[in-house]
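Please read the structure below before turning to the comments.
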């Protein structure tokens, strides 16, 4: 459609996958990152890791609360999903160390917290 054509041309991509909510966007981004990790980076099956900056909020799904650093968002809903690691927000040394893990397939950060 018109929106897809505009967005793909604007950003120089050949595809777009629009989502309705932050939950859907975050979940889809996790799935895309993991699939890329397995297919392109050759991460062993079920070993992909996604690094998140602490203080994030992208919804109330099990995936989203699994990486939340806010107890009111995650308390009482475990067990949580595996494959997510958190680092302090704006800590480039922690990010550099986390990215040394060969099983990392993505880093998610919200620039405005």
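Residue numbers (my numbering): -15 to 97. C-beta: ideal position from N, C-alpha, C; glycine also. All values derive from a computational prediction rather than experimental measurement.
Margin query: Taking a contact to mean a Cβ-Cβ separation below 8 Å, would you say residue 32 touches residue 89 in this structure?
Written below: yes
Next item on the list: Work out the CA separation of residue 59 and residue 22 for me, nearest whole Å.
Entry: 31 Å
Notebook entry, point to check: So residue 72 and residue 78 are in contact, right, with Cβ under 8 Å, and what is the actual spacing, rounded?
Noted result: 6 Å
Checklist line | Among 53, 61, -5 and 36, nearest to residue 75 - alpha-carbon criterion | finding: 36
Margin query: Checking 8 Å against the spacing of the C-beta atoms, do residue 51 and residue 70 come in under that value?
Written below: yes
Next item on the list: Scan the stretch 11 to 54 and note each continuous beta strand (DSSP E) run of 3 residues or more that stays entirely inside, going in chain order.
Entry: 33 to 37
Check: Can you give the Cα-Cα distance for residue 38 and residue 24, rounded to whole angstroms?
Finding: 27 Å
Margin query: Output needed for residue -9: all residues of its chain with C-beta closer than 6 Å, excluding positions within five of it in sequence on either side, in chain order.
Written below: 0
Checklist line | Short Cβ contact (8 Å threshold) for residue 45 with residue 94 | finding: no
Next item on the list: Could you please give the first and the last residue of the uninterrupted alpha helix (DSSP H) stretch that includes residue -10?
Entry: -14 to -5
Check: How would you label residue 16, buried or exposed, when you count the other beta carbons within 10 angstroms and need 16 or more for buried?
Finding: exposed
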